[in-house]
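Each remark here refers to the structure printed beneath this line.
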Amino acid sequence: MTIPTQLVLQVFLDDATRDRYGSDIGAEAGLPSGTVHPILARLEGFGWLESRWEDIDPRVEGRPARRYYRLTGAGAQSAQSAVARAHRPRRGFSLPHPASGEA
Amino acid sequence: MRTLAPSLAGQVGRGRPWPKRVVRLATHTLPRGPVRDRYRAELLAELDPLTWRAQAKFATGVLASSLALRRAVSSHPSPTPMEATMTTPRKPLLCRTNLHHVWESAHTPDGQRFVRCAHCLKERGDGRPGMSVTGISMGGMT
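Going down the list, the sequences are from chains A and B.
The end of the first sequence is residue 102 by numbering that gives the first Met the number 0, with every number in the run present.
The end of the second sequence is residue 141 by numbering that gives the first Met the number 0, with every number in the run present.
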């Protein structure tokens with residue numbers, strides 16, 4: 000899993016009940032604009048996210064309706080285990096320690 | 000002047016002209032239809048409340064990642080049953096226009112030989128009755 004995908008999932012996992020829109024997620028994850036939507040599309044394709052249009056009247060609000068995303072039930076579980084797996088250090092790979100006392 | 004699709008009408012607000020145009024251009028890479036309409040409306044809605052500088056940055060970012068969005072959308076097509084029924088595999092242009100086929104010899108399960116196009120699987124008949132035209136040709140231009 001790529002680091003941007005982990006960051007996006009982490010944003011959702013921080014508060015799984017909150018609905019978020021693309022730019023909001025990008026700002027929280029610290030990702031540049033444009034990188035978030037492909038990740039959201041992929042996660043939605045996997046069934047980890049679901050999305051809906053904001054229920055507002057654009058004329059009253061003075062802005063267009065946004066598309067909001069949230070984790071699905073199955074997505075929350077999968078995301079948790081995927082992020083945990085990604086953060087787990089890999090066995091058998093460690094940087095060599097400099098030998099002490101040698102020139 | 001071009002009018003917006005009904006799904007977009009009333010959703011596009013105060014965005015400056017060129018960032019909006021860039022976002023539209025970026026969404027042109029997406030499959031035509033509801034998918035493109037959805038992402039176009041979504042991205043334009045997010046562009047709308049931004050400042051001029053942020054709009055420019057947002058539109059550039061969307062354009063730069065438009066192919067990634069296309070790949071992400073295309074890797075998980077979710078057609079409805081009706082869409083799935085109506086979707087047909089694409090034939091090469093020369094086959095569709097019946098200008099050129101790549102003929103190859105093939106056998107039916109019972110061993111009968113026939114000639115078909117390797118690209119579009121159209122069968123070649125020479126017009127004689129009882130020859131190998133077994134399929135129904137919609138074009139009628141054999």
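Note that CB positions come from ideal geometry on N, CA and C, so glycine has one too.
> Which class does B:H106 belong to by DSSP, given the choice of helix, strand or coil?
Replying inline: The residue labelled residue 106 of chain B in the question sits at position 107 within the second sequence. Strand at B:H106.
>> Please tell me whether B:V61 and B:L29 are closer than 9 Å, where the distance is taken between their beta carbons.
In response: Here residue 61 of chain B refers to the residue found at position 62 of the second sequence. Here residue 29 of chain B refers to the residue found at position 30 of the second sequence. Against a cut-off of 9 Å, the Cβ pair of B:L29 and B:V61 comes out as no contact.
> Is the distance from the Cβ of A:T4 to the Cβ of A:R41 below 9 Å?
Replying inline: Locating residue 4 of chain A in the first sequence gives position 5, where the first residue counts as 1. Locating residue 41 of chain A in the first sequence gives position 42, where the first residue counts as 1. In this structure, A:R41 lies closer than 9 Å to A:T4 by Cβ.
>> Considering just the uninterrupted stretch of the alpha helix (DSSP H) at B:Y38, what are its terminal residues?
In response: Locating residue 38 of chain B in the second sequence gives position 39, counting from the first residue. It spans P33 to L46 - the alpha helix (DSSP H) in which B:Y38 sits, taken as one unbroken run.
> Name the chain A residues that come within less than 7 Å of B:K47, Cβ to Cβ?
Replying inline: Position 48 of the second sequence holds residue 47 of chain B. Before going on, a small fix: residue 47 of chain B reads as Asp here, not Lys. Going along chain A in sequence order, the residues near B:D47 (Cβ under 7 Å) are R62 and P63.
> Grouping DSSP H, G and I as helix and E and B as strand, with all else coil, what is A:W47?
Replying inline: Along the first sequence, one-based indexing puts residue 47 of chain A at 48. Reduced to three states, the DSSP call for A:W47 is coil.
> How is B:M85 classed by DSSP in three states: helix, strand or coil?
Replying inline: Working through the second sequence from its first residue, we reach residue 85 of chain B at position 86. Legend: pLDDT at B:M85 = 48, less than 50; position of this residue unreliable, value from coordinates given subsequently. Looking at B:M85 - three-state DSSP - the assignment turns out to be helix.
> At which residues does the alpha helix (DSSP H) containing A:V7 begin and terminate?
Replying inline: The count along the first sequence starts at 1 and reaches residue 7 of chain A at position 8. Per DSSP, A:V7 belongs to the alpha helix (DSSP H) from I2 to D13.
> Just reading off the alpha helix (DSSP H) that B:L93 is part of, what are its end residues?
Replying inline: Counted from its first residue, the second sequence places residue 93 of chain B at position 94. First-last of the alpha helix (DSSP H) with B:L93: L92 to R95.
> From B:P48 to A:E60, what does the alpha carbon distance come to, in whole angstroms?
Replying inline: Position 49 of the second sequence, counted from the start, is the residue given in the question as residue 48 of chain B. Position 61 of the first sequence, counted from the start, is the residue given in the question as residue 60 of chain A. Taking the straight line from one Cα to the other gives about 11 Å.
> With distances taken from CA atoms, which of B:P108, B:A25, B:G124 and B:S64 is nearest A:L30?
Replying inline: Taking the first sequence and counting its residues from 1, one reaches residue 30 of chain A at position 31. A:L30 has its Cα closest to that of B:S64, out of B:P108, B:A25, B:G124 and B:S64.
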